[in-house]
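Heads up: the sequence shown is residues 4 to 532, going by our numbering.
Positions of the beta carbon are idealized from the N, C-alpha and C atoms, including for glycine.
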Amino acid sequence: MSQTQSATAQGCDFLQGNPPKNSFYPEQFLGDESLMIQAAEQFSRQEVLPMSWRLDEHEEGLMKHLVSKAGELGFCGIDTPEAYGGLGLPKNLAARILELLSLNASFSVTIGITSGIGQLGLILFGTEAQKLARLPHLASGEKIAAYALSEPNSGSDALSLTTKAEANGGDYILNGTKMWISNAQWADTFLVMAKVDGDKVTAFLVDRSCPGVSISREEHKMGLKGSSTARLVLENAVVPAENVLHEVGLGHHVAFNALNLGRFKLSSMSLGPARDAIGLASSYSQERKQFGRAISEFGLIQKKFASMATLFFAAESMVYRTGAMIDQAFQRYSGSVEDNMRAAEEYAVECSMIKVFSTEVESMIIDDALQCFGGYGFTEEFPIARHYRDARVSRIYEGTNEINRIFLVDRIRKRILLNRATPPKKDGSFVSELAELCWPLLKDGQIEKGAMADLLILMYGVQSCWSRGNALGSHALELAKSFENYANIRALEAYQLVTGEPIQIPKPHNVDQQNLAELVHEAHGPWHG
4 MSQTQSATAQ GCDFLQGNPP KNSFYPEQFL GDESLMIQAA EQFSRQEVLP
54 MSWRLDEHEE GLMKHLVSKA GELGFCGIDT PEAYGGLGLP KNLAARILEL
104 LSLNASFSVT IGITSGIGQL GLILFGTEAQ KLARLPHLAS GEKIAAYALS
154 EPNSGSDALS LTTKAEANGG DYILNGTKMW ISNAQWADTF LVMAKVDGDK
204 VTAFLVDRSC PGVSISREEH KMGLKGSSTA RLVLENAVVP AENVLHEVGL
254 GHHVAFNALN LGRFKLSSMS LGPARDAIGL ASSYSQERKQ FGRAISEFGL
304 IQKKFASMAT LFFAAESMVY RTGAMIDQAF QRYSGSVEDN MRAAEEYAVE
354 CSMIKVFSTE VESMIIDDAL QCFGGYGFTE EFPIARHYRD ARVSRIYEGT
404 NEINRIFLVD RIRKRILLNR ATPPKKDGSF VSELAELCWP LLKDGQIEKG
454 AMADLLILMY GVQSCWSRGN ALGSHALELA KSFENYANIR ALEAYQLVTG
504 EPIQIPKPHN VDQQNLAELV HEAHGPWHG
């Protein structure tokens with residue numbers, strides 16, 4: 004396979020068409036958009052990061068104060084419609100702003116939930132009265148939202164929930180316990196899933212003030228110590244019938260479509276800590292001297308920075324490619340509940356892909372960044388330790404990465420059966436060639452499905468990197484080459500899991516690792532155009 008073939012790789016229809024031309028590169032944000040992004044980073048660095056230790060101690064009122072200040076700047080309603088007090092920005096720009104608000108993961112999950120899945124169900128499915136009553140308070144940061152689906156015995160198998168709702172005149176009586184609820188201690192409103200008449204999953208807007216609603220103690224977590232995670236307990240909780248969101252029995256539409264877009268937002272939230280970790284490691288490695296030289300000059304350290312730059316470039320390219328397509332989907336539809344659902348579902352596969360890839364890349368980047376600190380990185384005196392602890396949960400919530408792998412393969416199969424997509428096809432890259440070979444051989448075993456998912460994710464990544472690289476040239480092309488080298492090795496492992504057969508890997512692109520490392524040091528973080 005020639006470099007020219009790879010460099011012209013484009014999307015294929017099972018991935019919903021070619022990458023949007025000139026509409027998904029992060030470098031596109033200019034003018035007022037760029038000012039909003041800069042304001043988000045300034046808020047993170049000046050208002051949030053100096054408070055990190057105090058947030059970890061759950062200083063009374065501090066997180067709610069920061070959320071309120073963020074709300075005053077519009078950050079709690081970035082893509083909330085203007086009619087309900089938000090900024091109404093495109094989802095791709097909103098993702099970039101959220102990425103820069105995510106340099107502290109505890110603050111990130113707090114604002115990410117209240118501005119994301121805490122509002123998304125209401126925005127997509129709410130009545131006009133429901134939206135007017137709640138969204139302005141959430142978009143302003145005056146109130147905080149939470150999302151309540153998981154239960155002690157209902158995690159990945161979300162629809163096995165046992166929380167019940169019984170009609171009682173003009174109210175519903177809810178009983179059950181919701182677990183792992185982010186923002187639980189601070190939330191004013193909860194989006195709660197419960198079953199009506201035995202098995203009809205239904206979404207409810209539950210106010211904290213409703214009789215029978217209580218919050219249990221904080222969970223003692225390994226990371227995200229500054230966030231709130233607790234159980235929501237419903238004991239004969241009285242919820243007015245007008246608080247049913249969408250329709251009785253269709254709560255799964257609300258839950259899963261909010262999660263589709265939530266996974267997209269989580270992907271950008273995962274880039275924030277990775278971005279900060281690269282910057283921290285770059286500064287330290289240039290200051291730290293051993294054997295008379297800065298450790299940034301040593302080959303194996305340079306290799307780590309080249310790897311961090313490559314993986315970040317790939318994740319970033321995939322996230323913002325997906326965001327551009329989501330924006331286009333919402334522009335194509337009228338804004339009705341049915342059209343909102345279609346738009347939110349259209350790129351569910353891609354949202355799962357980027358959720359898996361970005362959260363795994365986040366951990367890999369932070370692990371390499373911590374290694375650059377040596378023993379100091381293993382102490383709590385340096386902020387890289389917090390990033391390391393906080394990153395681990397990203398692969399668990401909003402659907403574990405294992406469940407997302409199975410989901411995306413099953414969803415593509417279903418689309419093919421409905422003639423809404425075709426199987427993966429060669430697009431000029433080695434990864435796509437392996438994906439095409441493996442698809443007809445795919446069985447129902449989870450190991451094989453997981454390997455197939457990895458091939459599809461890597462294919463999407465290679466496409467995204469080359470599209471961006473071809474558009475921007477120069478350093479972006481070097482990063483695209485570097486990622487294809489990485490993807491080819493990972494794809495080979497996946498191919499062998501599916502087929503049990505050997506195959507020859509192409510000759511790798513010649514990539515200057517030292518040059519990629521220097522790009523990081525020049526940018527004081529990930530490379531940007």
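Give the C-beta separation of residue i and residue j to the nearest angstrom, bearing in mind that I take them to be a contact with Cβ-Cβ under 8 Å.
i, j, result
"SER47", "LEU103", "6 Å"
"PRO53", "ARG99", "With a Cβ gap of about 23 Å, PRO53 and ARG99 do not count as contacting."
"GLY254", "MET328", "The pair is not a contact, with the Cβ atoms about 27 Å apart (cut-off 8 Å)."
"SER55", "PRO386", "7 Å"
"VAL51", "LEU69", "6 Å"
Which residue from the options puts its Cα closest to that of residue i?
i, options, result
"ARG345", "PHE301, ASN263 and PHE267", "ASN263"
"GLU36", "ASN95, VAL514, LEU495 and GLY80", "ASN95"
"ALA339", "PHE128, ILE116, ALA317 and LEU482", "First, the residue type needs correcting, since residue 339 is Ser and not Ala in the sequence shown. Cα-wise, what sits closest to SER339 is PHE128."
"LYS181", "LEU162, TRP442 and ASN171", "LEU162"
"PRO276", "TRP56, LEU125 and SER361", "SER361"
"GLU481", "LEU500, ALA497, SER467 and HIS512", "HIS512"
"LEU500", "VAL70, PHE381, TRP442 and ALA258", "TRP442"
"VAL555", "THR502, GLY453 and ALA479", "Because the chain is modelled from 4 through 532, residue 555 falls outside the range shown and cannot be assessed."
"LEU269", "GLU349, SER337 and ILE357", "ILE357"
"ALA490", "GLN188, ALA438, THR502 and GLU62", "ALA438"
"SER271", "LYS203, ARG137, SER355 and ALA240", "SER355"
"ILE81", "LEU303, ALA142 and TRP189", "ALA142"
"ARG392", "GLN374, ILE369 and ASN404", "ILE369"
"TYR350", "MET367, SER366 and ARG324", "ARG324"
"GLY431", "ASN107, SER230, TRP469 and ILE415", "TRP469"
"GLU487", "LEU475, ILE460, ALA86 and TRP183", "ILE460"
Taking the alpha-carbon positions, what's the residue i to residue j distance?
i, j, result
"SER299", "ARG408", "36 Å"
"MET4", "ILE492", "In this predicted model, MET4 has a pLDDT of only 36, less than 50, meaning its place in the structure is not dependable enough to derive any value."
"PHE433", "VAL465", "10 Å"
"THR425", "ILE419", "5 Å"
"LEU522", "PRO529", "8 Å"
"VAL112", "ALA388", "18 Å"
"ALA284", "ASN473", "29 Å"
"LEU101", "LEU411", "25 Å"
"ALA2", "LEU444", "Residue 2 is absent from the model: the chain starts at 4 and stops at 532."
"ILE40", "GLY282", "17 Å"
"PRO93", "ALA317", "22 Å"
"CYS79", "LYS146", "10 Å"
"GLY119", "ILE126", "10 Å"
"THR313", "GLU525", "15 Å"
"SER435", "LEU58", "45 Å"
"ARG291", "GLU60", "30 Å"
"LEU33", "ARG471", "17 Å"
"GLN516", "GLY74", "42 Å"
"ALA208", "VAL199", "The sequence given here places Leu at residue 208; Ala does not occur at that position. Distance between the alpha carbons of LEU208 and VAL199: 14 Å."
"TYR463", "GLN289", "34 Å"
"ARG335", "ASN422", "21 Å"
"GLY201", "VAL257", "19 Å"
"ASP330", "GLN31", "15 Å"
"SER109", "ASN186", "10 Å"
"ILE450", "SER310", "27 Å"
"LEU458", "ALA483", "17 Å"
"SER1", "LYS307", "A query on residue 1 cannot be resolved here, the shown segment of the chain reaching from 4 to 532 and no further."
"PHE27", "GLU319", "10 Å"
"LEU164", "GLU154", "7 Å"
"SER71", "THR166", "32 Å"
Would you decide whether residue i is buried or exposed? Buried here means 16 or more other CB atoms lie within 10 Å of its CB.
i, result
"MET321", "buried"
"LEU235", "buried"
"THR117", "buried"
"SER212", "exposed"
"GLN305", "buried"
"SER217", "exposed"
"LEU135", "exposed"
"LEU194", "buried"
"GLY402", "buried"
"LEU477", "In the sequence as presented, Leu is not what sits at residue 477; that position holds Ser. The residue is exposed, with fewer than 16 neighbouring Cβ atoms inside 10 Å."
"ASN518", "exposed"
"ARG220", "exposed"
"GLY378", "exposed"
"LEU303", "exposed"
"THR192", "buried"
"LYS417", "exposed"
"PRO427", "buried"
"GLN507", "exposed"
"LYS228", "buried"
Discussion item. Under 8 Å, with one C-beta from each stretch per pair, do the stretch 219-232 and the stretch 385-401 reach the 3-pair mark?
Written reply: yes
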